[in-house]
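Right, one structure below, let's go through it.
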Amino acid sequence: MTITPIGTVSCSLILLFLSALLVPFLRGRQHFLINISFTLASIASLLGAVGGIWAVGSGITNKLVLPVGLPDLPFHLRIDPLAGFFLTVICLLSLFVSVYSIGYVKGYLGKRPVTSLAIFYCLFLAGMLMVVLADDALFFLVAWEVMAAASYFLVMFEDERIENRRAAFLYIVVAHVGAIAILLSFGVMAGLAGGFESFSGYTFDAMRQAQMPVQWAAAAFLLAFFGFAAKAGVVPLHVWLPEAHPVAPSNVSALMSGVMLKTAIYGIVRVTFDLIKVFPWWWGAVVLIFGLISAVMGVLYALMQHDLKRLLAYHSVENIGIILIGVGLSMIFTSFHMPLLAALALIAGLYHTLNHAMFKGLLFMGAGAVLHATHERNMEEMGGLIHSMPWTAALFLVGCVSISALPPFNGFVSEWLTFQAFLLSPALPSPLLKLLIPLGAALLALTGALAAACFVKAFGVTFLGHWRGHHNPRVQEAGLTMRAGMILAALTCLFLGLVPTALIEWMDILTEQLVGAKIGTTAGTFGWMWLTPIAPDRASYSGSIVFLGILVVVAVAYFLLHVKTVAIHRAPVWDCGFEKINQRMQYNATSFSMPIRRVFGFLFSIREQVKLTPRAAQPVFPKKINYYLRIRDRLWGWLYKPVVEISFRLSRRVGKLQQGRIQAYLIYSFITIIVLLVFSR
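Converting from the sequence shown to the working numbering requires adding 425 to each position, the first position being numbered 1.
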């Protein structure tokens, strides 16, 4: 028997479905259920990662047809380098999160059954793998719905809380609006490929070979981009994301933010570069503009958050924007027949796809460890956790440095490559692009600076200083498996930052197939330690040398502090003249974000109020000061609230038809039949 990449990934899928089927039989042994289901999920993820890495490295394409769909419409599976890359992204993070989940989910024991969590966790992973493997519209949409439904039930896991039910409902509504757009897009492409009277064009192979008129191709692209943007959380379709991710279990949040959003990026890349292939420059400009808006708005809204998981959710909006910047630039360069720059921009976007999965998964796992220990998400009630959770603090710091795009970790490499794509772009003929390219570079720089400020706030308020809450809980460090999952993700962040040249050479076959060029040869001109993306006389970077430099600085500092003969005296921090510092005198999350809020306040819906309670004897000196601050997404009030209100009004009017009388319903049926007969003639 010959082992192939698609065979390896198929084994992974079978294992996930078997795990989901096995769980109900173990519901009476919850502890054992957790161990066996998440161990099987870890093994399945490892198999999937092996298959994905193999598919990209070998450059081969495997196909499989399963006669399990509708009559004459079997399911088509295909693994090529693009699918292999996204399988690698999904399965690597799934492996780390599954290991982490063995310890994390045990925190629910004695509080609620975890049977549904284990079942839908495995189905969620299987759905994401099937989306990437699908090679026809029918199987893709079935897999898309499996993924959406499973994640809906995972968000609803703690369904006794109204915020969970509200977030899950909002998520599933937006998901299905997006799914309808994707269905229409596939319908357009399938109709052009096989005619609108038959289903022969439903396979992706038929769509690849179709000759699409410009107008129909544009319609298919815009529908697909809208549908996938809704799943990815692109502004202004992002409203579900900061609601759903915070209330889901943290291991689920890590997967939803880290890899589920990437299935939408996969869909955009697959439709544009593989199924349609030829497109005008304005398609890329659309993707680039929405990417820039999402990056800036996402990081600004993240800065305003006090809920740690909500902050991380908004940063997913930001990083999806950064990925779309790379994809949009690649589309623009492709349309102007600049394959080398197109390959550079696409590598930047895909590298950031992998990077974001790793550091965002790490950050959500760290936030989950904090929530697991303190039962608190509000950073205003945290502080000083580095003393009781040193492992979690150190690993969360790795995630903060990575997402802030600081060397030598992985976030710097992909954002640096994106900047190189901006800086190396020539003068393009369109006046819009001449304005958009430099503006985009400036906005990307602003985004990076604001992200660094945001994670100074997130780490500092959560882990440094003193506990800010009213009651200091007895906090314990995360368990062994939780730390193991975070350590694996942190080491991957470091590895991706130290050896980017090897990763780019591994991804070369992918860009060669999609845009007709590769940059791995020039990237490795000076060996694996140096990254030179376009040419040796251009900019270059070495994460390994930066890492060695940091180690030298740390070693010298340690020597100066601990080896010299002069005694070191420890003294209290200067207390600004107060006799004793307490938790009320510390900088908090609101303090960190206040300057940014003042500058960019016009982008938010802000309600701020200060209430003074005077003393009876000394009214000049207030007895109590209450500060109230509410920040809401302005886009919700502008775009979504009117739609909700109109929907409620229409539903109340339509509700009058529901009279509870069988005679009325028979009349409705009779009228409907008459109308159908008239219009079907």
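We put the CB at the ideal spot given by N, CA and C, even for glycine.
Between residue 634 and residue 618, the CB-CB gap stays under 8 Å. Per DSSP, reduced to three states, the secondary structure at residue 900 is coil, with no helix or strand assignment.
With contacts defined by Cβ atoms closer than 8 Å, residue 844 and residue 869 form a contacting pair. In terms of CA proximity to residue 469, 520 leads the group 431, 520, 492.
Pairing residue 500 with residue 584 gives a Cβ-Cβ distance that is not under 8 Å. With 16 or more other Cβ atoms inside 10 Å of its own Cβ, residue 477 counts as buried.
The Cβ neighbour count for residue 1094, taken over all protein chains shown within 10 Å, is under 16; the residue is labelled exposed. The residue among 775, 788, 839, 1064 with its C-alpha nearest the C-alpha of residue 738 is 788. In the structure shown, residue 1032 adopts extended strand secondary structure according to DSSP, grouped into three states. The alpha-carbon separation between residue 675 and residue 503 amounts to approximately 32 Å.
By alpha-carbon distance to residue 1013, the top candidate from 970, 841, 653, 804 is 804. Spanning the alpha carbons of residue 632 and residue 437 requires a straight line of approximately 28 Å. Per the coordinates, the alpha-carbon of residue 1074 lies some 11 Å from the alpha-carbon of residue 1067.
The alpha carbon of residue 720 has as its nearest neighbour, out of 660, 766, 928, the alpha carbon of 660.
In chain order, 760 place their CB closer than 7 Å to the CB of residue 705, counting only its own chain and leaving out the 5 sequence neighbours on each side.
According to the DSSP assignment, residue 458 belongs to the alpha helix (DSSP H) that extends over 455 to 483. Restricting attention to 1028, 1087, 996, 699, the CA atom closest to the CA of residue 940 is found in 699. Between residue 900 and residue 813, the C-beta spacing is below 8 Å. Assigned with DSSP and collapsed to three states, residue 500 falls in strand. Take the alpha-carbon of residue 683 and the one of residue 1100: they are about 49 Å apart. For residue 670, the closest of 593, 692, 600, 731 by C-alpha to C-alpha distance is 593.
For residue 1035, the closest alpha carbon among the candidates 1022, 1028, 818, 1051 is that of 1051. Taking the Cα of residue 567 as reference, the smallest distance to any Cα among 580, 985, 581, 551 is reached at 551. Taking all protein chains in view, the Cβ of residue 994 is surrounded by fewer than 16 other Cβ atoms within 10 Å, so the residue is classified as exposed. Taken through DSSP and simplified to helix, strand or coil, residue 1024 comes out as helix. Contact check for residue 712 against residue 752 passes: the beta carbons are separated by less than 8 Å. Annotation: residue 686 to residue 444 spans about 24 Å, alpha carbon to alpha carbon.
By the CB criterion at 8 Å, residue 656 and residue 603 fall inside the cutoff.
Counting C-beta atoms within 10 angstroms of its own C-beta, residue 1096 has fewer than 16 neighbours from the protein chains shown and is therefore classed as exposed. In the three-state reduction of the DSSP assignment, residue 490 falls in the strand class.
For the pair residue 867 and residue 826, the Cα-to-Cα distance works out to about 21 Å. The shortest C-alpha to C-alpha distance from residue 465 to any of 543, 754, 535 is the one to 543. If you draw a straight line from the Cα of residue 491 to the Cα of residue 485, it is about 20 Å long. Spatial neighbours of residue 764 in its own chain (CB-CB distance under 8 Å, excluding positions within 5 residues in sequence) are listed in chain order as 758, 940, 941, 942. If you draw a straight line from the Cα of residue 755 to the Cα of residue 767, it comes to about 4 Å. Cβ neighbours of residue 653 within its own chain (closer than 6 Å, five residues either side excluded): 689, 692, 693.
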